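Working notes, structure below.
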Amino acid sequence: MTLDEKAKLLTGTGMEGFSGDIAVVGETNGLVPGAAGTTCPIPRLGIPSIVLGDGPAGLRIHPTRDGDTATYYCTAFPVGTLLASTWNPELVERVGEAMGNEALEYGVDVLLTPALNIQRNPLCGRNYEYYSEDPVVSGKMASAIIRGVQANGVGASPKHFAANNQETNRMASDSRLTQRALREIYLRGFEIVVRESQPLTIMTSYNLIDGVYSSESRDLLTTVLRDEWGFGGMVMTDWFGGKDAAAQIRAGNDLMMPGLPAQHDSIVAAVNNGSLAIEDVDVSVKRILNLVLASPRFKGYAFSNKPDLEAHARIARQSAAEGMVLLENRGALPFSAAVKNIVAFGITSYDFIAGGTGSGDVNEAYTVSLKEGLTNAGYNLDADMAASYEKYIASENEKIKPDTINPLAAAMPKVRMSEPVPARAEIARLATRSDIALVTIGRSSGEFADRRLKEGDFLLSAAERNLIESVCREFHAAGKQVVVVLNIGGVIETASWKDLPDAVLLAWQAGQEGGNSVADVLKGAVNPSGKLPMTFPVDYMDASSSANFPYDYQASVSTPALLPGNNTKTKTELVRNVDYTDYEEDIYVGYRWLDTRGKAVSYPFGYGLSYTSFEYSAARLSKTGGVFTVSVNVTNSGAVGGKEVVQLYASAPPSTLGKPAQELKGFAKTQELKPGESQTVTITVAESDLASFDEARSAWVTDAGTYKFRLSSSSRNVRATLDAVVERASEIKTHNVLNPREPLTLLNP
Ligand code: BGC
Numbered sequence: 001m002t003l004d005e006k007a008k009l010l011t012g013t014g015m016e017g018f019s020g021d022i023a024v025v026g027e028t029n030g031l032v033p034g035a036a037g038t039t040c041p042i043p044r045l046g047i048p049s050i051v052l053g054d055g056p057a058g059l060r061i062h063p064t065r066d067g068d069t070a071t072y073y074c075t076a077f078p079v080g081t082l083l084a085s086t087w088n089p090e091l092v093e094r095v096g097e098a099m100g101n102e103a104l105e106y107g108v109d110v111l112l113t114p115a116l117n118i119q120r121n122p123l124c125g126r127n128y129e130y131y132s133e134d135p136v137v138s139g140k141m142a143s144a145i146i147r148g149v150q151a152n153g154v155g156a157s158p159k160h161f162a163a164n165n166q167e168t169n170r171m172a173s174d175s176r177l178t179q180r181a182l183r184e185i186y187l188r189g190f191e192i193v194v195r196e197s198q199p200l201t202i203m204t205s206y207n208l209i210d211g212v213y214s215s216e217s218r219d220l221l222t223t224v225l226r227d228e229w230g231f232g233g234m235v236m237t238d239w240f241g242g243k244d245a246a247a248q249i250r251a252g253n254d255l256m257m258p259g260l261p262a263q264h265d266s267i268v269a270a271v272n273n274g275s276l277a278i279e280d281v282d283v284s285v286k287r288i289l290n291l292v293l294a295s296p297r298f299k300g301y302a303f304s305n306k307p308d309l310e311a312h313a314r315i316a317r318q319s320a321a322e323g324m325v326l327l328e329n330r331g332a333l334p335f336s337a338a339v340k341n342i343v344a345f346g347i348t349s350y351d352f353i354a355g356g357t358g359s360g361d362v363n364e365a366y367t368v369s370l371k372e373g374l375t376n377a378g379y380n381l382d383a384d385m386a387a388s389y390e391k392y393i394a395s396e397n398e399k400i401k402p403d404t405i406n407p408l409a410a411a412m413p414k415v416r417m418s419e420p421v422p423a424r425a426e427i428a429r430l431a432t433r434s435d436i437a438l439v440t441i442g443r444s445s446g447e448f449a450d451r452r453l454k455e456g457d458f459l460l461s462a463a464e465r466n467l468i469e470s471v472c473r474e475f476h477a478a479g480k481q482v483v484v485v486l487n488i489g490g491v492i493e494t495a496s497w498k499d500l501p502d503a504v505l506l507a508w509q510a511g512q513e514g515g516n517s518v519a520d521v522l523k524g525a526v527n528p529s530g531k532l533p534m535t536f537p538v539d540y541m542d543a544s545s546s547a548n549f550p551y552d553y554q555a556s557v558s559t560p561a562l563l564p565g566n567n568t569k570t571k572t573e574l575v576r577n578v579d580y581t582d583y584e585e586d587i588y589v590g591y592r593w594l595d596t597r598g599k600a601v602s603y604p605f606g607y608g609l610s611y612t613s614f615e616y617s618a619a620r621l622s623k624t625g626g627v628f629t630v631s632v633n634v635t636n637s638g639a640v641g642g643k644e645v646v647q648l649y650a651s652a653p654p655s656t657l658g659k660p661a662q663e664l665k666g667f668a669k670t671q672e673l674k675p676g677e678s679q680t681v682t683i684t685v686a687e688s689d690l691a692s693f694d695e696a697r698s699a700w701v702t703d704a705g706t707y708k709f710r711l712s713s714s715s716r717n718v719r720a721t722l723d724a725v726v727e728r729a730s731e732i733k734t735h736n737v738l739n740p741r742e743p744l745t746l747l748n749p
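Using the UniProt record's numbering, you'd call the opening residue of the sequence shown number 1 and step up by one each time.
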């Protein structure tokens with residue numbers, strides 16, 4: 001290959017919708033309209049383009065094509081956060097299989113999923129795409145998706161590597177953190193996926209880590225990812241990410257996406273002036289060629305453009321129901337046989353939010369609303385209320401015109417219309433003629449912007465609070481119950497109102513079958529078994545990262561920092577939490593902080609109710625070859641079938657390193673157990689899984705001593721405790737890399 005051809009291969013073909021020097025190369029433009037990008041073909045050598053498509057809730061392509069009567073809809077699966085809430089990797093693997101099959105059948109070679117950044121703060125705009133505040137949950141769920149996707153011969157692309165935990169100023173913000181926090185929290189999930197599911201590619205993140213763009217960090221991409229973890233695949237940038245193409249190649253970031261002519265030229269120039277070794281270029285070229293060779297397109301796979309959307313809709317419905325979390329239930333759920341007539345309040349009862357916005361959004365053929373789902377399940381929905389909501393929604397939608405000029409604005413979350421509150425007398429009248437009330441609260445967020453600590457976002461709006469209060473007051477006065485359904489993509493405040501209704505179901509953003517899945521749970525066709533993969537704090541500021549998060553930042557789409565590499569401010573001009581964010585909470589993210597502090601929470605990590613109850617018995621532990629095997633019998637002690645998630649938390653013996661009160665080390669979900677039925681679940685924990693990262697020794701260190709293993713049904717509900725004895729301390733050496741440039745002031749847990 002000539003140098004020009006090599007440089008072409010290292011830079012994608014540009015992006016549809018952007019004009020001028022970043023337009024798509026004609027030849028690949030029509031491959032799969034709406035896919036995120038293509039690699040550059042080299043026809044002289046028979047090297048085709050391969051196609052890369054988003055994203056975490058299913059494939060994102062244009063649903064229709066000019067001059068073509070066929071449709072190309074994809075299945076909107078539930079969002080990543082909901083999938084994580086299933087705590088069921090086998091089920092999530094089947095979701096991955098279905099997503100990967102749609103990619104394969106629509107001619108996409110790499111599906112840009114899963115997104116497994118840590119939910120460091122409740123308000124990150126993209127938390128809906130991400131899995132958890134805990135790296136083990138994130139890593140296990142992402143591995144399941146990758147195994148499923150790649151079983152189709154399509155590549156997966158775990159993203160965004162790494163420490164991409166806010167959207168504010170996302171292309172130029174510096175995540176400043178210790179090597180320990182990076183390794184234990186922010187890299188750990190990626191390490192799990194590399195070791196357990198061999199992804200064909202990885203996508204680097206936009207942000208800098210301790211002053212270096214992720215995509216330009218050789219310490220991250222070569223020393224840690226490849227040398228320490230053994231990653232053998234190809235690394236690509238996030239779209240337009242990073243600044244210096246030659247530095248990216250040197251670091252081990254092989255492919256620049258979507259690709260700019262200027263990047264091609266700078267690679268050629270850097271080789272010619274000796275600042276970039278041709279050997280480094282060749283290594284990246286080989287990695288891209290290996291990916292091309294393995295791709296369905298190179299192998300000539302004759303894709304059908306007809307995936308089995310009905311079968312996939314069934315998987316979406318089933319997985320969505322399994323990831324819903326029952327937060328409160330004072331005898332309201334499942335609906336009794338007497339419930340026939342339901343009145344549904346709340347915009348999202350009629351305009352259900354299937355997923356978040358941005359590249360994680362899917363172009364699905366339909367979304368089942370709650371109204372439709374309950375109607376399908378045989379309930380009568382109050383027609384007057386439905387008509388009045390539908391009229392309101394239509395007229396408000398008329399007023400919210402999408403911004404057609406600015407593509408970034410068009411991709412931003414829609415401004416949510418305010419919640420109408422029917423008059424008190426009207427609600428009272430509805431209470432006499434209905435058996436039960438539903439109140440739905442909705443939230444949407446996505447790429448480019450974080451959520452805010454304000455009414456209507458983290459906090460309920462005054463109208464939402466008024467709606468919940470009024471409906472509860474009037475229905476309770478009439479002896480009727482009220483169920484709140486949360487159709488949200490991230491954590492909101494719950495402590496101040498959760499005792500008002502008779503039940504609260506966290507439905508998340510449940511994909512295109514959402515309304516059917518909610519109805520399955522309300523009716524009791526599915527017994528909820530989802531558990532929270534993050535903590536719901538009482539107050540926003542209780543979360544350890546909140547003081548170091550842009551929770552009140554006022555962005556605008558014209559904020560120049562939306563574009564790459566333009567952070568030219570001097571040190572004194574840098575704005576805290578915007579240009580840089582200090583991870584002062586260090587490893588104490590989520591429950592690691594709150595449990596260590598013993599702080600009250602609204603709902604703890606790992607929490608979720610069921611329509612039945614479970615007993616744990618005969619907890620036991622054995623050890624062979626440095627691996628603990630922990631077993632416990634779980635018995636369904638209630639009256640209906642159900643599944644339980646058993647969580648294993650470890651508490652370390654006293655150590656010179658600070659340690660959280662407890663950390664999740666493994667989990668297992670039972671099968672559906674009939675009343676009275678038991679199952680033995682087994683969780684294994686290696687001694688090396690108990691290690692913490694000791695910066696002074698540049699090593700993962702497992703201290704000797706007695707660890708307490710807690711078998712729990714949530715981080716705050718311990719059902720059995722076992723002693724796990726590590727006789728001899730051990731360590732695994734690493735390289736001393738990725739340290740903050742200046743010391744950070746860390747919070748004291
Ligand atoms: C997002 C990625 C996505 C890419 C391609 C970026 O804006 O951060 O997650 O895969 O676009 O659409």
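C-beta atoms are modelled at their ideal positions from N, C-alpha and C, and glycine is treated no differently. These numbers were taken from a predicted model, which means no experiment stands behind them.
Put Ser-558 into one of helix, strand or coil per three-state DSSP. In the sequence shown, counting from the first residue as 1, residue 558 sits at position 558. Low confidence applies here, because Ser-558 scores a pLDDT of 46, under 50, leaving its location unreliable and the question unanswered by this model.
Any chance you could list the alpha helix (DSSP H) runs of at least 4 consecutive residues sitting entirely within the segment 28-106, in chain order? Runs of the alpha helix (DSSP H) inside the segment 28-106: 80-85, 89-105.
Any idea what DSSP makes of Glu-513, helix, strand or coil? One-based indexing of the sequence shown puts residue 513 at position 513. Glu-513 falls in the coil class under three-state DSSP.
So, are the CB atoms of Arg-250 and Ser-197 less than 7 Å apart? For this step, residue 250 is matched to residue 250 along the sequence shown. For this step, residue 197 is matched to residue 197 along the sequence shown. Arg-250 is not a Cβ neighbour of Ser-197, given a cutoff of 7 Å.
Which of the three DSSP states, helix, strand or coil, is assigned to Tyr-540? To locate residue 540, count along the sequence shown from 1; it is residue 540. Residue state, collapsed to three classes: helix.
Going by Cα to Cα distance, which pick from Ile-61, Lys-399, Ser-613 is closest to Gly-53? Counted from its first residue, the sequence shown places residue 53 at position 53. Ranking Ile-61, Lys-399, Ser-613 by Cα distance to Gly-53 puts Ile-61 first.
Any chance you could list the residues with Cβ under 5 Å from a heavy atom of the ligand BGC, keeping chain order? Qualifying residues, in the order they occur: Ala-36, Asp-54, Leu-112, Asp-238, Trp-239, Ser-359.
Tell me which same chain residues have a C-beta within less than 6 Å of the C-beta of residue 750, skipping the five on either side of it? With the chain covering only 1 through 749, there is no way to say anything about residue 750.
Closer than 6 Å by C-beta to Ser-678: which residues in its own chain qualify, once you throw out the five before and the five after it? Chain order, please. Here residue 678 refers to the residue found at position 678 when the sequence shown is read from its first residue. So the qualifying residues of the chain are Asn-633, Thr-635.
Helix, strand or coil at Lys-708 according to DSSP, with G and I counted as helix: By one-based count along the sequence shown, residue 708 stands at place 708. Here Lys-708 sits in strand by DSSP.
DSSP on Tyr-128, reduced to helix/strand/coil? Stepping through the sequence shown from its first residue, residue 128 is reached at position 128. Tyr-128: helix per DSSP, three-state reduction.
Please classify Leu-563: does DSSP put it in a helix, a strand, or coil? Residue mapping note: residue 563 aligns to position 563 of the sequence shown, counting from 1. Confidence in Leu-563 is poor, its pLDDT being 47 and thus under 50, which makes the residue's placement unreliable; the coordinate value appears in the next sentence. DSSP places Leu-563 outside both helix and strand once states are collapsed to three, so it counts as coil.
Quick one: measure Cβ to Cβ for Phe-536 and Thr-494, integer angstroms, because I've assumed they're closer than 8 Å. In the sequence shown, the residue the question calls residue 536 occupies position 536. In the sequence shown, the residue the question calls residue 494 occupies position 494. Yes, Phe-536 and Thr-494 are in contact; Cβ-Cβ is about 6 Å, under 8 Å.
Near Gln-119, which residues of its chain fall below 7 Å by C-beta distance, leaving aside the five closest residues on each side in sequence? As a first step, residue 119 is located in the sequence shown; it is residue number 119 there, counting from the start. Here Gln-119 has Asn-127, Tyr-130, Ser-132, Glu-133, Met-534 as same chain residues with Cβ atoms under 7 Å from its own Cβ, once five neighbours each way along the sequence are excluded.
Leu-111 versus Ala-7: straight-line alpha-carbon distance, rounded: Taking the first residue of the sequence shown as 1, we reach residue 111 at position 111. Taking the first residue of the sequence shown as 1, we reach residue 7 at position 7. Looking at the two C-alpha atoms, the distance is approximately 24 Å.
With Leu-594 and Val-601 assumed to form a contact (beta carbons below 8 Å), what rounded beta-carbon distance in angstroms separates them? Numbered from 1 along the sequence shown, position 594 holds the residue referred to as residue 594. Numbered from 1 along the sequence shown, position 601 holds the residue referred to as residue 601. That pair is a contact at about 6 Å.
Note down the Cα distance separating Asn-207 from Met-385, rounded to an integer number of angstroms. Translated into the one-based positions of the sequence shown, residue 207 becomes position 207. Translated into the one-based positions of the sequence shown, residue 385 becomes position 385. Cα to Cα, the separation comes out at about 47 Å.
Identify the continuous beta strand (DSSP E) that holds Tyr-580 and give its terminal residues. Within the sequence shown, residue 580 is the residue found at index 580, counting from 1. Element bounds for Tyr-580: 580-582.
Please list, in chain order, all residues of the same chain as Thr-745 whose beta carbon is under 7 Å from its beta carbon, the five residues on each side excluded. The sequence position of residue 745 within the sequence shown is 745, counting from 1. Closer than 7 Å at the Cβ level, and outside the excluded window around Thr-745, lie Glu-584.
Considering only their Cβ atoms, is the gap separating Thr-612 from Gly-638 smaller than 7 Å? Position 638 of the sequence shown, counting from 1, holds the residue named residue 638. Position 612 of the sequence shown, counting from 1, holds the residue named residue 612. Yes. Within cutoff.
Relative to the C-alpha of Ala-354, which residue among Ser-143, Val-285, Ser-517 is closest? In the sequence shown, residue 354 corresponds to position 354, counting from 1. The alpha carbon of Ala-354 has as its nearest neighbour, out of Ser-143, Val-285, Ser-517, the alpha carbon of Ser-517.
With 16 as the cutoff for other CB atoms within 10 Å, does Ala-704 come out buried or exposed? The residue you call residue 704 lines up with position 704 of the sequence shown. Exposed, by the Cβ-count rule.
Classification of Pro-560 by the beta-carbon crowding that lies within 10 angstroms, buried from 16 upward: The residue you call residue 560 lines up with position 560 of the sequence shown. Bear in mind that a pLDDT of 44 at Pro-560, under 50, signals an unreliable position, so the model cannot answer this.
For Phe-161, which residues does DSSP report across the bridge? Here the question's residue 161 lines up with position 161 in the sequence shown. According to DSSP, Phe-161 bridges with Thr-204.
Would you identify the three-state DSSP class for Lys-286, choosing helix, strand or coil? Residue 286 sits at position 286 when you count from the first residue of the sequence shown. Looking at Lys-286 - three-state DSSP - the assignment turns out to be helix.
Measuring CA to CA, which of Val-521, Lys-498, Gly-590 is closest to Asp-542? Your numbering for residue 542 matches position 542 in the sequence shown. Ranked by Cα distance from Asp-542, the options Val-521, Lys-498, Gly-590 are led by Gly-590.
Can you tell me which of Asp-450, Pro-334, Asn-466 puts its alpha carbon nearest to the alpha carbon of Asp-552? Counting from 1 along the sequence shown, the entry for residue 552 is found at position 552. For the residues Asp-450, Pro-334, Asn-466, the minimum Cα distance to Asp-552 belongs to Asp-450.
For Met-324, which beta-bridge partners are listed by DSSP? Taking the first residue of the sequence shown as 1, we reach residue 324 at position 324. BP columns for Met-324 are empty, so no partner.
Just the Cα atoms here: how many angstroms apart are Val-725 and Thr-624? Within the sequence shown, residue 725 is the residue found at index 725, counting from 1. Within the sequence shown, residue 624 is the residue found at index 624, counting from 1. Taken atom to atom, the span from the alpha-carbon of Val-725 to that of Thr-624 is near 12 Å.
Are Glu-419 and Ala-463 touching if we call contact CB-CB under 7 Å? Working through the sequence shown from its first residue, we reach residue 419 at position 419. Working through the sequence shown from its first residue, we reach residue 463 at position 463. The answer is yes: Cβ separation under 7 Å.
Under 7 Å between C-beta atoms of Phe-475 and Ala-503: As a first step, residue 475 is located in the sequence shown; it is residue number 475 there, counting from the start. As a first step, residue 503 is located in the sequence shown; it is residue number 503 there, counting from the start. Cβ atoms of Phe-475 and Ala-503: not closer than 7 Å.
Leaving out the 5 sequence neighbours to the left and right, which residues in its chain are closer than 8 Å to Glu-228 when beta-carbon positions are compared? As a first step, residue 228 must be located in the sequence shown, where it is residue number 228. Around Glu-228: Thr-734, His-735.
One question on the structure: do Glu-695 and Arg-180 come within less than 7 Å of each other, judged by their Cβ atoms? Numbered from 1 along the sequence shown, position 695 holds the residue referred to as residue 695. Numbered from 1 along the sequence shown, position 180 holds the residue referred to as residue 180. Contact: yes.
Heavy atom of the ligand PLP within 6 Å of Val-627 beta-carbon: In the structure shown, the ligand PLP is absent; the only ligands present are the ligand BGC.
Across the segment 568-587 and the segment 304-322, are there enough close Cβ pairs to call them in contact, namely three or more that are closer than 8 Å? Cβ pair count under 8 Å is below three, so no.
Between the C-alpha atoms of Leu-562 and Gly-12, what's the straight-line distance to the nearest angstrom? Counting from 1 along the sequence shown, the entry for residue 562 is found at position 562. Counting from 1 along the sequence shown, the entry for residue 12 is found at position 12. Its pLDDT being 43, under 50, Leu-562 is placed unreliably in this model, and the coordinates cannot settle the point.
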